[in-house]
Every structure is written in C-alpha cells, then in structure tokens.
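Here the protein sequences come in this chain order: A and B. Counting with the numbering used here, you get residues 1 to 356 for the letters of the first sequence. Counting with the numbering used here, you get residues 1001 to 1356 for the letters of the second sequence.
2 protein chains.
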Amino acid sequence: MNYALIMAGGVGTRLWPMSRANRPKQALQLVGDRTMFQLSVDRLSPLFKPESIFVVTRAEHAPILAAQVPELPPANFIIEPEGRGTAPAIALAAIHLRHFDPQAAMVVVTADHYISKEKEFQRTLQAAIQAAEEGHLVTLGISPSGPSTGYGYIQQGRQRGIAQDLAYYQVERFTEKPDLETARQMVQSGQYSWNSGMFIWRVERVLEEFARQMPEFYAQLEQVEKTLATPAYENTLKHIWPRVAKQTIDYGVMEGAKDVVVFPVDIGWSDIGSWASLLDLLPADAEGNILNGPTLGIDTRDSLIFGKDRLIATIGVKGLVIVDTEDALLICPKDREQEVREIVKRLADSGQERYL
Amino acid sequence: MNYALIMAGGVGTRLWPMSRANRPKQALQLVGDRTMFQLSVDRLSPLFKPESIFVVTRAEHAPILAAQVPELPPANFIIEPEGRGTAPAIALAAIHLRHFDPQAAMVVVTADHYISKEKEFQRTLQAAIQAAEEGHLVTLGISPSGPSTGYGYIQQGRQRGIAQDLAYYQVERFTEKPDLETARQMVQSGQYSWNSGMFIWRVERVLEEFARQMPEFYAQLEQVEKTLATPAYENTLKHIWPRVAKQTIDYGVMEGAKDVVVFPVDIGWSDIGSWASLLDLLPADAEGNILNGPTLGIDTRDSLIFGKDRLIATIGVKGLVIVDTEDALLICPKDREQEVREIVKRLADSGQERYL
C-alpha cells in the first residue's frame, strides 16, 4: 500500500503576525479560502484515501489541523513531543507505517508549499511511487526559476529510468543553500534543481538508510518502535525524543544515501515562506496590489495588504507589506521582510509571549 | 462680567481615523492625556469660573464633551441644530450671554489649537479684555513662524494702546489664506500675523456689528433671542437655523468692522489640524519618532505611530504616519497626509458610514 505523510511541524515565523505559536502557517488561509494544510490534503486526495494520509506535527497544532480536515482519522496525526528536525520526524512516521504495513511505500510532502499544477504533481507522484517500488530513494527537483540562495540544490547525473513517461536521474549531490555566485553557476549549468523537500520511497528502504547512516538515532527509534500500539508508547516517545540529536533528512540521510534519484518537475511549485513569496505568487490587481479584507487605497501600488475585519486605508504607499491581525500589525517594505524574524526574536527576548 | 466661549463644533476630518463623526477632534487625547477640549478649559480656568465658560457645539457632541469636563454646567453647552459657520455660532452664544448679562465681555477661543505658553496666553487675555472694555473688537495675531498658506493673515497698522504692558495695534486688513508668494511677502514685511480665530469683545459691541453688517441674519437672530429662556426656544432655533446663511466671523464681521485691534502674541500656538501638525508639535524620540501605544520598530524613523491596544511592528519605515484604531487603520507618508480628507470623502461617497 501507498501512504502519504504531510510534514506539518513548523510555525512559519516569517509570516508573523498572521502565523503564531498557536496558529501555525499551515493552518492559515494564505492562498484562496483553503488553508495550506487543507490544500496539501486536497492535492493528495485523488491518489490517497483519507486513512492513508498521515500527518506529523506538534501536539499543540494537531487539534487545529485535525479540525480543518475532519475526514482524516485522528490516529493519523503523529505527534512529536518536540521538533528534532525533518530526519527524526520522517523516521517516526516511517515506523508507524511499517507497523501497519511492512511493504508500505511513502510519499513525504510538506504543508509549506503551494503547487499550482496539481494534475502534473499527481502524475509525478505516481511515477515517483513506481520508481520507489524499484528500490530508489526518490526526490522531486524543482526547475529553478532563478539563482535563489534560499533553497538547497540537487545535482543530477545520468538518466536512471523512465516511469509513466517521466525520466528520472541519478542524484550526484545535495548541496546546501549556496551563495549567489554559486547559485548562478549551478543554474547556468542546467544540472541542478531546487530541493523541494518532497520524497518518495519504500518505508523499509529509508529505514535501512537510517539504520546505516544514523545508527545511534536508529537505536533510539527502535526503542520507540517496540512500544507502538502499546500503552507505553507515549511515555517512551516523550522520554526518548528530547535525547534525539537534531538532524535534517537532507544531511542525515539523503546526502549519504545509496541509489537516490530525482524527477525534475515543473509543477508550479512555490515556497510560501514569507510575505514576499505571496507577493510573487498571488495574482495582483492593475496597480500591482494583493489585497485581502477591506482596504481603501489612494495611489497605492505593488503592495501586499492582508487585513481581515478592519479597514486599511493607504495613501502614497509603494512596495509595502501590511499585515493586520486582531492584536498585532506589521508594516515593512517588501524587500526587507526577511527581518520579520527579527521582530519575532525581539518579542521573544522581551518576554512579549502574547504576540508570539 | 467676563465670559469665555469655546468653539467646539468641528469634527476634524484630517485626523481620521481617530476623529470620527461621533468622536470629534476636540474629544481626542492628541497631546498628552487631556483631550483638546479639556486642555481648552484648563487654559481658561485661572481666569474664568466654570459657570462663566460656555461651549458652542453640535447636539451629538455635547454629551461627549460634557462628560469630559463635568464641572461645566450642562446649560452652558449651547447647541447649534446644524453648523452654519463661525459667525452664526458666535452670535448665538452672544445673545445667550446678553440675556444673562447685558454688560458681558466675551472671549472666543477654539478647541482646535494647542497653546504651550499658558501663562502668556492668560496674561494676553487679561490685557485683551481690558482693551475690549474700551470698545475695541480684539483679535490675537500669531507671530508667523513661516509663510504658511494654511491660515488667514491680519495686517497691523499703528499702535492703538497698551494694556497690562502689551501693545495692541489697529487692524488694517484681514486677508484670506494666501498663495505662497503672497505669504512670503506678508511675512517678510513684518506687518502681518496669523489669524488665530480667537477674539475678545463686549457682547453688545459685537452684536452691534452683526446688526450693521449682517442685518438679515440679525433679524433671524432676534427671533431666536425673543424665545430665550422660554419653552419655544428650541423649536424656534430648529426652525430658523437651517435658513441662516453660512458665514464666517472673519468675512461676516471682522473684515468690515470698526475699531478692530490686534495683540501680536507669542503664546506657543499650534493648529492641531492634521497628523503632520502633531509630528511638528510633539517631542520626538532619538529616531525622530512619535510613538503612542505598543510599538516595535526596526530601522523606523521620523514617523508618527499612534496606536492604542494592538502592537504595531515596523521595519524600514521612514516619514510615515500610522494611525490605528479599533476598526480602521491609516498608513500614509507624512507629506501626503492632506489627502486623508480624500479617504473620508471616498468612504462617505461609497456609503461606508461606519468608518466616518
């Protein structure tokens, strides 16, 4: 059987003040009237029954997300006592799936991205599952639209096969977020794609890699696995998880893994990481504005104005991000919105938890 | 006896969204923790007992203002059924005062201005009352700090006298708001001061001028006066006032009046007409900001941020006016804040009364 795992553990600090500790990014309606999490489930639904869709998230976010997609069985929400990076999160889900179905193949997607070409995405997933069943660790590589320094890159080598008319290639190398010059060279070479954070593999196969490359963690994982479906599970997980070393799936597994392949895809993928990314993604009006909620602009251009109930009146505003919530308001030029993190940090440092 | 009249009939459109139809400018705390109206009363209190301080305002604003200064007798709020300009407002108050005290002298001040040198203001009023008792129509002229095109100007002629060590001068001419070139010439000549809208005169004397210069209106006024202290007053006023021609005291009376004098004064006078005027008036912090309410700024300068309960976080903001209220928010560069009126107009035109 095939299963999908939605990684929904983040908060989305750069989308403050809309994203909050108790209202994570994936629970927000950022594109249209479905939340990021709902969109993730929607995209998977033609391929997976609700009972085959799993979610790994934090305890405090599980009820929020579960309420948004009531058709998912509550037991499919796999709770991490605390976040230890993508490698442990995926491994935890993998042992759950192995417990249900030792032959399981799994698709790992995130709730952080928007995908405009759903049919193409679904077609790729089907091809990727076919490649995974042949034993490959499969990743989806996004054709770069520019020399972004915000993503990791995947270098592709020789073609390894074709599934459902889609060619896939040997992965030569995973690279970290590069500097601009390196990014330029990589994009120019035509050999690189962006690391989407989406993976497809047989559960047994990726757990093999965990065992081989992260043996210490794998031993911890086995202790948890032994207690699956027993009353001891929750306490064991709570005891072990804080002792687990933080690790990403890229560093911990993919870089050193055998037989990794990539499908270069064009699925209309966008990282919804920040307000600027929404300015790039969402359709603007004739003045270049993206407006949400009641607004009244005089000479207002190229701005993202995300309000809700209150009227936002602007005069002579250009390239500004304005995000209004019940108790906090953000105003910053779109080219400085990476500093939103600094706002969140200062709030945390000054003990203003109510705004976090 | 001497009486003071506070003109408190305006709304203060340019201070939207803080000023509203039911929350006029004079009822707002714009400078410190006293409202404009409270500050007006405070300034008069050393010279006038509460029962000698009158207010002319609109029916809907009277309860708001009365609640702010409970020591004023409710009967001292003179209600205009609708605003017909400063001339009718002053005349209406004048017949009330003549009814109480035919010998009354009256000081007319507005609630729209801030006066930082209160002692100097009070000293000038005492001198002006002395001059008024000699039969002059007295006005206070503000020494211009620049060639403003936002005020009317008063041209002074020969000295007419000295009261309490302060010289006062014949008024040669009242002029309308000038263009910039004219304003420059006037300021350079040293003969002009700004028309403050503050006047001091004996009630009988100003009513003489109304009778002479605005005979049609004066006849209407007499009809109202006959009903003073009778049950017919309110209905008579309501019947007559909409028929009264709109007129300002400057055009209707002062320009054509006999024996008008001016005290050139330096009383730290500021017109609080707009957000930019507050930026000029209020003390800024080291970054040039005037902050009110919870704020968190990164690289934020020369801005006025007026919030209340909600956090306003800003990044890379310069010279911006940000005013946040419960149901509406304004963002505009300080040099375009004259367009706030246009926002209010558009809201009215589109039937969005709840924001007015």
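Glycine included, every Cβ here is placed at the ideal spot set by N, Cα and C.
Annotation: Cβ neighbours of Glu1339 of chain B in chain A (cutoff 9 angstroms, chain order): Ile298, Asp299, Ile315 and Gly316. The Cβ atoms of Glu337 of chain A and Ala276 of chain A lie closer than 7 angstroms to each other. Across the structure, Glu134 of chain A and Pro264 of chain A are spaced so that their CA atoms are roughly 18 angstroms apart. Per DSSP, reduced to three states, the secondary structure at Ala229 of chain A is coil, with no helix or strand assignment. Boundaries of the alpha helix (DSSP H) harbouring Met1036 of chain B: Met1036 to Leu1044, taken from the DSSP string. When DSSP states are grouped into helix, strand and coil, Leu166 of chain A belongs to the strand group. Comparing alpha carbon positions, the residue from A:Ala104, A:Asp250, A:Tyr114 and A:Arg212 closest to Gly268 of chain A is A:Tyr114. Note on geometry: alpha-carbon atoms of Thr1149 of chain B and Gln1029 of chain B lie some 27 angstroms from one another. Note: Gly135 of chain A is not bridge-paired with any residue in the DSSP secondary-structure output. For Trp275 of chain A, the enclosing alpha helix (DSSP H) begins and ends at Trp275 to Leu281.
Rounded to the nearest angstrom, the Cβ distance from Ser1274 of chain B to Leu1015 of chain B is 7 angstroms, consistent with a contact under 8 angstroms.
Using a Cβ distance threshold of 7 angstroms, Val203 of chain A and Arg98 of chain A count as a contacting pair. For Arg1020 of chain B, no CB of chain A lies under 7 angstroms from its own CB, so it is not counted at the interface with that chain. At a cut-off of 7 angstroms between beta carbons, Asp327 of chain A contacts chain B. Around Arg346 of chain A, the beta-carbon contacts reaching into chain B at under 7 angstroms are Leu1296. Taking 7 angstroms as the cut-off, the beta carbon of Val1108 of chain B is found no closer than this to the beta carbon of Leu1228 of chain B.
For Asp1285 of chain B, no chain A residue has a C-beta closer than 9 angstroms to its own C-beta; the minimum C-beta separation is roughly 17 angstroms.
A straight-line Cα-Cα distance of about 38 angstroms links Met1018 of chain B and Val1260 of chain B. Against chain A, the beta carbon of Leu1330 of chain B has neighbours under 7 angstroms at Ala313, listed in chain order. Counting along the chain, Val1321 of chain B sits inside the beta strand (DSSP E) bounded by residues Leu1320 to Asp1324. As a beta-bridge residue in DSSP terms, Arg1058 of chain B pairs with B:Glu1080.
For the C-beta of Glu1222 of chain B, not a single chain A residue is nearer than 8 angstroms; the gap to the nearest is close to 46 angstroms.
Taking a Cβ-Cβ cut-off of 7 angstroms, the neighbours of Glu342 of chain A in chain B comprise Ile1298, given in sequence order. Contact with chain B is found for Arg310 of chain A, since one of that chain's Cβ atoms lies less than 7 angstroms from the residue's Cβ.
For a Cβ distance threshold of 7 angstroms, residue set Ile1331 of chain B lies close to Ile322 of chain A, ordered along the chain. For Pro264 of chain A, the three-state secondary structure derived from DSSP is strand.
The Cβ neighbour count for Thr230 of chain A, taken over all protein chains shown within 10 Å, is under 16; the residue is labelled exposed. Residue nearest to Asn1289 of chain B within the set B:Arg1310, B:Val1321 and B:Ser1270 is B:Val1321 (criterion: CA-CA distance). Taking the C-beta atoms as reference points, Leu207 of chain A is found nearer than 7 angstroms to Ala94 of chain A.
Nearest C-alpha to Glu1118 of chain B among B:Ile1249, B:Ala1163, B:Pro1046 and B:His1061: B:Pro1046. Nearest to Ala183 of chain A by C-alpha distance, out of A:Ile305, A:Leu44 and A:Gly146, is A:Gly146. Assigned with DSSP and collapsed to three states, Gln1156 of chain B falls in strand. Proximity of Arg1023 of chain B to chain A, defined by a Cβ-Cβ separation below 7 angstroms, is not satisfied. Rounded to the nearest whole angstrom, the C-alpha separation of Asp1327 of chain B and Arg310 of chain A is 5 angstroms.
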